[in-house]
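Visitor: Read top to bottom, the protein sequences are chains G and E.
In terms of the numbering used here, the first sequence opens at residue 1 and continues consecutively.
In terms of the numbering used here, the second sequence opens at residue 291 and continues consecutively.
The beta-carbon is built from N, C-alpha and C at its ideal position, and this holds for glycine as well.
Since this is a predicted model, take the numbers as computed values, not measurements.
Structure incoming, see below.
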Amino acid sequence: MLFLQLLANGLQVGAIYALTAAGFSLIFGSTKIFHFAHGATFAIAAYLFHFALTGLGFHWTFAVAVAAISAVVFGVVLDRFMYAPIQRHEGSFFTVFVASFGVGIVVQNLLGSVFGRGFMSVPTPLSNSVEVMPGLYLSPLNGLAIGCAVICFVALHYFLTHTFVGKGLRALSENPELVRMFGLSPRRLSTYAFALGSLLVVPGAIFTAAGTGINPAVGHHVMLISLAATIVGGIGSLRGAACAGLLIGVAENLAMWKLGTQWSEAITFAILFFFIIFKPSGFFGRATVS
Amino acid sequence: MTAYILNLLVLISVYAILSTTLNFIIGYAGIFSLAHAVFFGIGGYTAALVAMNVTPEFFVAIPVAMAAAAVTSLLLALPALRVRGEYFVAASLGLQVLAVTLFSEWKSFTGGIGGVIGIPAVEMLGYPIYKPWQFLLMSLICLVIIIGIIRILVHTSFGRSLKAIRDSESAALASGKNVTVIKTLSVVLSSALAAVAGALYAFYMSFINVQSFMLDTSVLVMAMVIIGGTATILGPLLGAALLMLMPSVLTYLSFLPQTEIGSIQQIVYGMAMVLLMIFRPGGIVSSHPGGGK
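Printed below as a string of structure tokens:
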């Protein structure tokens with residue numbers, strides 16, 4: 001029974017990782033910007049959702065809107081005012097990564113100073129667990145998180161294959177020069193990529209805030225896992241990010257079953273380490289590792 | 291007051307060793323490692339183990355610590371040979387997280403979360419070194435020797451090959467450089483020298499635990515290198531001094547809330563990283579003013 005319980009938890013956590021990883025993968029795949037501050041977006045969305053709901057007493061729909069708007073604005077502002085100037089004169093991977101990491105540090109500490117460093121969680125009746133089978137406790141949140149992830153992935157797939165902007169984003173990941181020649185602006189597409197990628201963290205942020213709870217380091221943690229998922233799945237592949245996110249969520253929880261909680265992060269990174277050494281292109285990635 | 295300043299200077303020189311050795315692989319070899327604290331830790335734990343069970347002799351503990359770090363650094367060299375850029379960063383992150391788990395779980399070697407307590411004072415050829423100023427002298431000498439080694443290496447053909455690999459691996463390969471050996475050697479050397487810092491730290495504090503060797507330390511050292519300036523000798527030293535002095539300077543600014551000093555320090559260096567990357571990607575002491583590498 002413990003196995004099923006951990007599997008259920010793993011799927012929920014995995015769904016959250018998959019969405020965050022998909023956002024990171026979308027941004028990285030199309031713009032080639034290593035957006036480490038993606039975790040900061042996650043933390044901001046989660047904290048503002050919490051604040052809007054419990055601090056300001058908003059209805060939950062407004063709180064979700066606040067989280068979504070703040071995530072998108074944060075992502076786009078970073079793209080416009082940090083990544084664009086860096087890329088204008090240099091744009092090596094190294095510079096982008098350092099700046100992005102810096103943003104992550106600033107956001108984590110600002111959130112800690114403003115909202116406190118302890119764990120916070122949003123009280124909601126949805127997180128009350130019910131014993132469905134002897135020893136197996138499920139809450140409506142489990143199902144909601146997984147359902148929401150499925151809907152997001154279907155919508156994202158539709159967007160990328162059926163809309164003009166979506167096709168533009170895929171084209172950008174293939175060949176930015178050709179996109180420019182075609183009369184589209186890579187800069188504008190990059191803004192769309194950031195808006196969309198940042199939006200994808202919102203469900204994960206909300207479910208984390210309502211479920212296991214959040215602390216200022218949550219963004220950092222989620223980012224590390226999403227990075228692992230993106231690489232294990234293959235950079236630029238949404239399908240890969242989704243599968244790897246689920247895989248890591250489940251592996252992390254099953255690791256608790258055999259080894260104990262303290263090993264869960266180590267398991268994730270052991271998986272990552274072996275993938276990088278033996279199959280750096282990941283599950284579905286194109287073999288373009290230089 | 292003197293004790294306070296001596297303490298600060300010892301810590302600055304320990305961190306300066308770390309930032310100088312990390313700069314060697316970031317700045318000259320283009321290997322962007324986020325796992326430097328691992329070798330700092332291995333150096334510390336090994337030196338502590340040797341000092342407590344065999345002898346607190348400097349010339350025994352330090353070489354053993356260096357050897358331990360050199361052997362384990364092959365784990366970092368492996369991905370460095372296979373992948374570059376973001377993939378390598380991810381691999382080094384993975385190694386760092388794995389190492390932290392091992393440090394806190396492998397109780398016979400590291401004492402678990404509680405750490406190693408009561409490391410004896412270091413001896414140099416039988417002469418015990420326990421006064422702060424003696425210790426400062428010893429760590430400064432180590433720092434100078436390490437800077438010397440790196441300076442010499444950078445100016446030999448080895449250093450030129452490294453820079454060639456950093457700028458274009460295929461071009462270096464095409465001109466007959468043995469990329470595998472050169473890259474592996476640079477990682478091994480940098481990690482072994484970082485272990486010196488670990489050993490000094492363990493002897494100085496006489497107590498170490500996993501808290502000192504986490505990802506935060508790796509990031510702090512990386513920030514020192516980047517804020518100071520990569521691929522320069524002076525940059526990492528300046529970075530180490532600035533970032534180590536910042537908390538004490540902030541404590542003197544009485545208008546700041548004292549409980550938030552840690553956060554403010556982190557925010558300042560996070561901001562510094564962002565602004566420097568936008569306006570001066572080469573760091574404060576930039577080897578190519580106005581542009582990065």
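#1: Please state if the CB of F42(G) and the CB of V222(G) are separated by a distance shorter than 8 Å.
#2: Tell me whether G404(E) is buried or exposed, calling it buried when 16 or more other Cβ atoms sit within 10 Å of its Cβ.
#3: Could you give the DSSP three-state label for M536(E): helix, strand or coil?
#4: Looking at chain E, which residues of the segment 123 to 152 of chain G have a Cβ within less than 7 Å of any of its Cβ atoms?
#5: State yes or no: is the C-beta of S25(G) within less than 8 Å of the C-beta of L169(G)?
#6: Measuring only between beta-carbons, confirm whether T41(G) sits less than 8 Å from chain E.
#7: Could you compute how far the alpha carbon of T124(G) sits from the alpha carbon of F49(G)?
#8: Go through its chain and collect everything with a Cβ distance to G317(E)'s Cβ below 6 Å, but skip five positions before and after it.
#9: For I568(E), would you say it is in contact with chain G, using Cβ-to-Cβ distances shorter than 8 Å as the test?
#10: Please return the same chain residues whose Cβ sits closer than 8 Å to the Cβ of G581(E), not counting the five positions on each side in sequence.
#11: Return the residue from the list F28(G), I16(G) and R180(G) that minimises the CA-CA distance to A46(G).
#12: Please classify I277(G): does DSSP put it in a helix, a strand, or coil?
#13: Would you grab the beta carbon distance between R456(E) and A359(E) for me? Rounded to a whole angstrom, and I think it's under 8 Å.
#14: By Cβ distance below 6 Å, which residues in the same chain neighbour A171(G) in space, the five residues on each side in sequence not counted?
#15: So A229(G) packs on I248(G), CB below 8 Å; how close in whole Å?
#16: If I follow the unbroken alpha helix (DSSP H) through P418(E), where does it start and stop?
#17: Are the segment 267 to 281 of chain G and the segment 48 to 68 of chain G in contact at 8 Å, needing three or more beta carbon pairs?
#18: Using the Cβ count rule (16 or more neighbours within 10 Å means buried), how would you classify E265(G)?
#19: Just verifying my parser: in three-state terms, what is the DSSP assignment at F497(E)?
#20: When burial is assigned at 16 or more other CB atoms within 10 Å of the CB, is F425(E) buried or exposed?
#21: For L11(G), tell me which candidate among F164(G), G75(G), G147(G) and L78(G) has the shortest Cα-Cα distance.
#22: Do the segment 530 to 548 of chain E and the segment 334 to 351 of chain E meet, that is, are 3 or more Cβ pairs less than 8 Å apart?
#23: When the cut-off is 8 Å and only beta carbons count, does P537(E) lie next to chain G?
#24: Step through the CB atoms of chain G and report whether any lies within less than 8 Å of the CB of I551(E).
#25: Using a C-beta to C-beta distance shorter than 9 Å, which residues of chain G count as neighbours of R450(E)?
#26: Kindly indicate which residue of L141(G), A21(G) and V98(G) has the alpha-carbon position closest to the one of A8(G).
#27: Counting only Cβ-Cβ distances shorter than 8 Å, please list the residues of the segment 212 to 224 of chain G near chain E, keeping chain order.
#28: With a threshold of 16 other CB atoms inside 10 Å of the CB of V103(G), please say whether the residue is buried or exposed.
#29: Using only the alpha-carbon positions, how far apart do A40(G) and G75(G) sit?
#30: Relative to the C-alpha of I69(G), which candidate in G112(G), V202(G) and R188(G) has its C-alpha closest?
#31: Could you spell out where the beta strand (DSSP E) holding L138(G) opens and where it closes?
#32: Looking only at C-alpha atoms, which of V477(E), P422(E) and N499(E) sits nearest to T292(E)?
#33: Would I307(E) and V478(E) be called neighbours here (beta carbons separated by less than 8 Å)?
#34: Could you tell me which whole beta strand (DSSP E) segments of length 3 or greater appear in the segment 395 to 462 of chain E?
#35: Taking K467(E) and A484(E) to be in contact with their CB atoms under 8 Å, please state how far apart those CB atoms are, rounded to whole angstroms.
#36: For a quick check, are the C-beta atoms of I44(G) and V106(G) less than 8 Å apart?
Guide: Reading it off the structure:
#1: yes
#2: exposed
#3: helix
#4: none
#5: no
#6: no
#7: 13 Å
#8: T520 and A521
#9: yes
#10: Bear in mind that a pLDDT of 41 at G581(E), under 50, signals an unreliable position, so the number given afterwards is only what the model happens to contain. The residues are P571 and G572.
#11: I16(G)
#12: helix
#13: No, R456(E) and A359(E) are not in contact; Cβ-Cβ is about 23 Å, not under 8 Å.
#14: V179
#15: 5 Å
#16: Segment Y417 to I419 is the beta strand (DSSP E) holding P418(E); no alpha helix (DSSP H) there.
#17: no
#18: buried
#19: strand
#20: buried
#21: G147(G)
#22: no
#23: no
#24: no
#25: Residues of chain G passing the Cβ test: none, with the nearest at roughly 21 Å.
#26: L141(G)
#27: L224
#28: buried
#29: 9 Å
#30: V202(G)
#31: L136 to L138
#32: P422(E)
#33: no
#34: 412 to 414 and 417 to 419
#35: Going by Cβ atoms, the distance from K467(E) to A484(E) rounds to 25 Å, so no, they are not a contact pair.
#36: no
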